[in-house]
Amino acid sequence: MSPVLAGILQLLALIAALALAYRPLGDYMAKVYSSDKHLRVEKWIYKGIGANPNTQMRWPAYLRGVLAFSAVSVLFLYVLQRVQGSLPGSLGFRSIDPDQAFNTAASFVTNTNWQSYYGEQAMGHVVQTGGLAVQNFVSASVGIAVAVALVRGFSLPHSRLRSSGGTPMRTGELGNFWADLVRGTVRILLPFSVIGAIILVACGAIQNFSGIHSVGQFMGGSQQWNGGAVASQEAIKELGTNGGGYFNANSAHPFENPGPFSNLFEIFLILLIPFALTRTFGRMVGSLRQGYAILATMVTIWIGFTALMMWTEFAHHGPAFQIAGGALEGKETRFGVGGSSIFAVATTLTSTGAVDSFHSSFTGLGGGITLLSMQLGEIAPGGTGSGLYGILIMAIIAVFIAGLMVGRTPEYLGKKIGTREIKFAACYILITPALALVFTAAAMALPTPGHSMTNSSAHGFSEILYAYTSGANNNGSAFAGLNADTQWFNTTIGIVMLLGRFVPMVFVLALAGSLAEQKPVPATAGTLRTEKPLFTGLLVGAILIITGLTYFPALALGPLAEGLAS
């Protein structure tokens, strides 16, 4: 079987698996966030944290819950790393330096999972399981909660809408953050992660708490490896679109990703919840066709980018590529060019950041595709929750553009899109590129950050642009050619991750509150049919044009210059 055919068959199998899971999972998540009942374990959690899950929150209160919980999480994870050397199960590793502890705490709490350290040489069992793995669950649940809050702002009619606690919601209320957080963790992420971990163990991923041991003699010395609860962390790492690897090689490491089937299964986990949330959205707003329109937009971009990536990586430019069957340098032979290409697009079009190959080793244009995937805002399908609320923001922009074309007040799902809503949406789409481009410019202008680049010229610029794009979009993957373990990069990327996660959430929840305060307007003959293919095409075009106008000059200096020169 040719490598190209193998890659196409993997893609088709992935699409079939996602299609089978789409309806039941989407309906289940809609039921979770609309249920009238609390599980017993959830009641214990509410009692422990002192929260009343039936209290309804307007958007400022909901936002305070998000920020307060995240701030405590950052502080807890920072302190846990700083005292690691005194903890049992540390495997003899010392405490983490302040700048790296801050970077890692910000990284995992923001669902970025950027890692400037070697996982198997820095973090012991307690930090890995009690710190990083916990944030893999709750950071993903926070993202879903914010997305659900925005969906509630659209949901119609308000008189029939019920919160997660079962009480009727009044105008302007978005539900209860603590109930949404707990339900997302207990009812969605935990059970599916357990199933995923069992499957990965069956595939050969390790799951233990062993210490450091020698695995063989190489060139006169022994190679040291430590064990860990890898399969369980790998499952939530992919399912929650987190991305932080137990080992430095991430999903290219055989302990995390043993073979071709586990590789395809991990891609499936990455895409599962973000795609299924579109059905949850359709179910909650009372129109499945609206969810299908958003899904069609996501799928169009995802398949288009995957096909383009496979084309660039399989292109035979020279005898080396012809012999290898594509650009195989930097890729695992277990997965091949096809599996690596599908994984690279899935992980950068979502906020996952896990890698099964070195993106720095991709062709110039292939590396540019991973960059552009993040720069779209990671909305096709995006992260757990963040992808849905990101593409809904873009849908509002597309509706506004359509309204300008026909001279009609824009409406979306029965809500008028006025000046206030457009300001919130515009601020949302501007904050992330501003962070990525401003900090990239600063790093290139100052002498010290440039010393961390492994490569010079266009490829070196791509390394730094990729790092800040990854941080600002809460992706976490790296170009693998940049030494980011410096005070400058640990501090600035940490700041970028925090701002890139929580400032957009402010605008999302403010927009949700504004929409929730409106009374629905009836559809008329002049209302834009946002469930039709025409709107899907408009939305795809708006996403690509806005991203292109924002990032094209930077891309021209990096991956495009490199790709055209090769």
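Whatever position you read off the sequence shown (first residue = 1), add 1 for our numbering.
Even glycine gets a Cβ: it sits at the ideal position worked out from N, Cα and C.
Check: residue i C-beta below 7 Å from any heavy atom of the ligand ADP
{"i": "H460", "result": "The ligand content of the structure shown is nil, which means the ligand ADP is not present either."}
Whole-number beta carbon distance between residue j and residue i, since they are thought to touch under 8 Å
{"i": "T307", "j": "V346", "result": "5 Å"}
{"i": "A459", "j": "E563", "result": "4 Å"}
{"i": "L133", "j": "F109", "result": "5 Å"}
{"i": "L78", "j": "Q136", "result": "6 Å"}
{"i": "G354", "j": "N249", "result": "The pair is not a contact, with the Cβ atoms about 14 Å apart (cut-off 8 Å)."}
{"i": "N270", "j": "G197", "result": "It is worth fixing the name first, because residue 270 is Leu in this sequence and not Asn. Sure, about 6 Å apart at Cβ, within 8 Å."}
{"i": "H360", "j": "G368", "result": "6 Å"}
{"i": "N114", "j": "G229", "result": "Between G229 and N114 the Cβ distance is about 16 Å, and since that is not below 8 Å, they are no contact."}
{"i": "T551", "j": "P434", "result": "5 Å"}
{"i": "P259", "j": "G205", "result": "3 Å"}
{"i": "R188", "j": "G27", "result": "The Cβ separation is near 14 Å, so there is no contact."}
{"i": "V147", "j": "V75", "result": "Between V75 and V147 the Cβ distance is about 17 Å, and since that is not below 8 Å, they are no contact."}
{"i": "F480", "j": "S453", "result": "So it is not a contact: roughly 11 Å between Cβ atoms."}
{"i": "P382", "j": "P275", "result": "3 Å"}
{"i": "L529", "j": "A403", "result": "5 Å"}
{"i": "A106", "j": "Q82", "result": "7 Å"}
{"i": "V507", "j": "L64", "result": "6 Å"}
Residue i: first and last residue of the uninterrupted alpha helix (DSSP H) it sits in
{"i": "M454", "result": "It is not in any alpha helix (DSSP H) - M454 carries neither H nor E in the DSSP assignment."}
{"i": "D100", "result": "99-110"}
{"i": "Q376", "result": "365-376"}
{"i": "M498", "result": "488-517"}
{"i": "D28", "result": "4-33"}
{"i": "I271", "result": "261-286"}
{"i": "Q291", "result": "289-315"}
{"i": "V152", "result": "134-155"}
{"i": "W45", "result": "41-50"}
{"i": "Q234", "result": "231-240"}
{"i": "S362", "result": "Here S362 belongs to no alpha helix (DSSP H), and DSSP marks it neither H nor E."}
{"i": "F401", "result": "387-407"}
{"i": "K533", "result": "Neither: K533 is in no alpha helix (DSSP H) and is coded neither H nor E."}
{"i": "F425", "result": "420-446"}
{"i": "S74", "result": "60-83"}
{"i": "I380", "result": "It is not in any alpha helix (DSSP H) - I380 carries neither H nor E in the DSSP assignment."}
{"i": "G337", "result": "337-350"}
{"i": "I196", "result": "191-204"}
{"i": "V522", "result": "Note, V522: premise wrong, no alpha helix (DSSP H); not H, not E."}
{"i": "R184", "result": "178-184"}
{"i": "L565", "result": "560-566"}
{"i": "Q208", "result": "Counting along the chain, Q208 falls outside any alpha helix (DSSP H), and DSSP gives it neither H nor E."}
{"i": "I122", "result": "Looking at the sequence provided, one finds Gln at residue 122 rather than Ile. Note, Q122: alpha helix (DSSP H), 120-123."}
Residues bridged to residue i [DSSP beta-bridge criterion]
{"i": "L483", "result": "M454"}
{"i": "Y413", "result": "K416"}
{"i": "N227", "result": "I213"}
{"i": "E174", "result": "R59"}
{"i": "K332", "result": "S358"}
Close Cβ partners of residue i (< 7 Å) along its chain, the five nearest in sequence each way excluded
{"i": "L190", "result": "F138, A141, S142, I237, L240, G241"}
{"i": "G144", "result": "N112, G384, T385, G386, S387"}
{"i": "V338", "result": "P4, G8, E314, F315, G326, G327, A328, L329, K332"}
{"i": "W60", "result": "L175, L510, A511, A513, G514"}
{"i": "L438", "result": "A555"}
{"i": "I423", "result": "F401"}
{"i": "Q101", "result": "S117, Y118, D486, N491"}
{"i": "G185", "result": "S142, I145, A146"}
{"i": "A20", "result": "none"}
{"i": "V33", "result": "R184, R188, I189"}
Residues of its chain near residue i, where Cβ-Cβ distance is below 8 Å and the 5 sequence neighbours each way are ignored
{"i": "P54", "result": "H39, E43, Y47, S165, G166, N177, W179, A180, V183"}
{"i": "P523", "result": "G415"}
{"i": "I213", "result": "L92, G93, Q225, W226, N227"}
{"i": "R24", "result": "R280"}
6 Å CB neighbourhood of residue i in its chain, flanking five on each side removed
{"i": "S71", "result": "V110"}
{"i": "H254", "result": "F248"}
{"i": "G154", "result": "A513, L516, A517"}
{"i": "M285", "result": "A31, V152, S156"}
{"i": "N209", "result": "G228"}
{"i": "I465", "result": "T441, A444"}
{"i": "L366", "result": "T313, G564"}
{"i": "V127", "result": "L88, G90"}
Residue-level contact to chain B via CB, residue i, 8 Å cutoff
{"i": "W115", "result": "Of the protein chains in this structure there is only one, and it is not chain B."}
Is there contact here, the segment 458-474 with the segment 546-566, by at least three beta-carbon pairs under 8 Å? The segment 458-474 vs the segment 546-566: in contact.
Is there contact between the segment 264-273 and the segment 11-22, where contact requires at least three CB pairs shorter than 8 Å? These segments touch.
Does the structure place the segment 471-478 close enough to the segment 374-394 that three or more beta carbon pairs sit under 8 Å? Judged by Cβ distances under 8 Å, the segment 374-394 makes contact with the segment 471-478, as three or more pairs qualify.
At least 3 beta-carbon pairs within less than 8 Å: the segment 390-397 vs the segment 475-495: At 8 Å Cβ cutoff, the stretches do not touch.
Between the segment 519-536 and the segment 481-489, can you find at least three pairs of beta-carbon atoms closer than 8 Å? As far as the Cβ criterion goes, the segment 481-489 does not touch the segment 519-536, which means the pair count is below three.
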